[in-house]
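Taking it in order: structure first as structure tokens, then the write-up.
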Amino acid sequence: MRAPALMILVAACAPERLEAPFTGPDEARRLLPEGQAELRFDADFTESQAGGPLLAGTAVHVVFDEARLPQCRGWKYGQPAWAVTAFWRIDGGDVHTGAVVMPSGPADLWIDLDAPGTLELWFANNDAFGCIAWDSDYGANYRFDVVSARPEPGWMGAASTAITRQTCGGTFCDADLLPLDQGFVYDTWARQRALVAEASFRAWVPGVTDADDTSQVWERLDARVHWSTHADLSDADWDYASIHDFVGNDVRYAYRLRDLDPLGGSTVTDPADCPDAPLRLTADGQYVEADLYLWFSVNDAELRPAPGAAWHGTFQDYAGLYAVCL
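For what it's worth, numbering that gives the first Met the number 0 labels the leading residue of the sequence shown as 0, then goes sequentially.
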């Protein structure tokens, strides 16, 4: 028999059944893996976790095989009078209880994970005659990590652009990446000849991007590219960045410069269709230019060249296409 974790039995009343597996905010629910998180306690005294990490703000399903605690199966009035109760707490907080097995079979227990930390679980089978049998990993309790649904990056950097005809496997070559610190120009050559024109950056998130299984990265990391066509960043907009690849312990995100183009790249005949960005002519009058200011974020942590600042790029096209706008 496994030793008890607490010698005082807390009243074993099951919590109200959840209507949905997750009770956290919509953002946390969006980040959940397709396979719901589940903790299994099998008859052979093995424990397993399935369906992805335990995320704060969600809930985990607990499955307990009653064969682990065959003692204390009293009967009363010709009916079974026993139940298996789960006890849990997070980071030494308040102890909660819920039925995990009833005489009629398994109870559908979901544990609300309301904060990150260490989830402790232990179990007791008790009957109407005061008999109690414990399953608590010999008093140590079963422990599982509850992690933040939106973990903070440990590092972000390598903000770069690649505008080139040369490709490696259909995408940019590392040798063609240029630091965003030196800016970029997306000109008529890039519009007509470049096979690759992308901005990229990298992020390391401990326990996520460096995990053996990186399938959780897209679900737990909200990576965005932000931009504005004004130096004061007054018209800022954003979109989700795409996972490009993994470099060591980092995930690398990328975004096509073509999708950031404030000029549009086609002839404008109606002034109402002119670009919203401020326009200027080059000194020779042959080209029109618009500025773009870029920065990035992962789970609200920002990557900028300096606090409140943004990287600068220039989009350029033939002036004749925008004659009605000048």
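No residue lacks a Cβ here, since even glycine has one placed at the ideal position from N, Cα and C.
Bear in mind the structure is a predicted one, so any value in this text is a computation, not a measurement.
DSSP places residue 251 in the uninterrupted beta strand (DSSP E) bounded by 249 to 255. About 17 Å separates the beta carbons of residue 85 and residue 57, which is beyond the 8 Å limit, so they are not a contact pair.
When only Cα atoms are considered, residue 197 and residue 229 end up about 21 Å apart. The Cβ atoms of residue 68 and residue 132 lie closer than 7 Å to each other. Under the Cβ criterion (8 Å, minimum of three pairs), the region 197 to 212 counts as touching the region 250 to 257. Under the DSSP assignment, residue 163 falls in the beta strand (DSSP E) whose first and last residues are 154 to 163. DSSP places residue 187 within a helical segment (H, G or I) once states are collapsed to three.
In the three-state scheme derived from DSSP, where H, G and I count as helix and E and B as strand, residue 319 is classed as helix. Using a C-beta cut-off of 8 Å, the region 98 to 116 makes no contact with the region 155 to 162, since fewer than three inter-stretch Cβ pairs fall below that distance. Sixteen is the threshold: when 16 or more other Cβ atoms of the shown chains lie within 10 Å of the Cβ of residue 312, as they do, the residue is buried.
According to DSSP, residue 264 shares a beta bridge with no other residue. Distances from the alpha-carbon of residue 125 to those of 87, 202, 74 and 157 put 74 closest. For residue 207, there is no enclosing alpha helix (DSSP H), since its DSSP letter is neither H nor E. Annotated as distal: residue 300 and residue 65, with beta-carbon spacing of 7 Å or more. Rounded to the nearest whole angstrom, the C-alpha separation of residue 243 and residue 95 is 43 Å. Counting only runs that start and end inside the region 202 to 245, the beta strand (DSSP E) elements of at least 3 residues fall at 222 to 227 and 236 to 239. If you draw a straight line from the Cα of residue 51 to the Cα of residue 218, it comes to about 10 Å.
In the three-state reduction of the DSSP assignment, residue 324 falls in the helix class, which pools H, G and I. Burial is judged here by how many other beta carbons sit within 10 angstroms of a residue's own beta carbon; residue 177 has fewer than 16 and is exposed. Secondary structure at residue 108: strand, using DSSP grouped into helix, strand and coil.
The Cβ atoms of residue 274 and residue 293 do not sit closer than 7 Å to each other.
In the structure shown, the three-state DSSP call for residue 176 is coil.
The three-state reading of DSSP puts residue 48 in strand, counting E and B together. Of all alpha-carbon atoms in 323, 317, 303 and 222, the one lying nearest the alpha-carbon of residue 149 is that of 222. The beta carbons of residue 278 and residue 314 sit about 10 Å from each other, so the pair does not count as a contact at 8 Å. Taking 8 Å as the upper bound for CB-CB distance, residue 227 and residue 309 are in contact here, some 7 Å apart. In this structure, residue 146 and residue 55 form a Cβ contact; the two beta carbons are roughly 7 Å apart against a cut-off of 8 Å. For residue 59, the enclosing beta strand (DSSP E) begins and ends at 57 to 63. Scanning 268, 80, 98 and 285 for the CA closest to the CA of residue 186 turns up 285.
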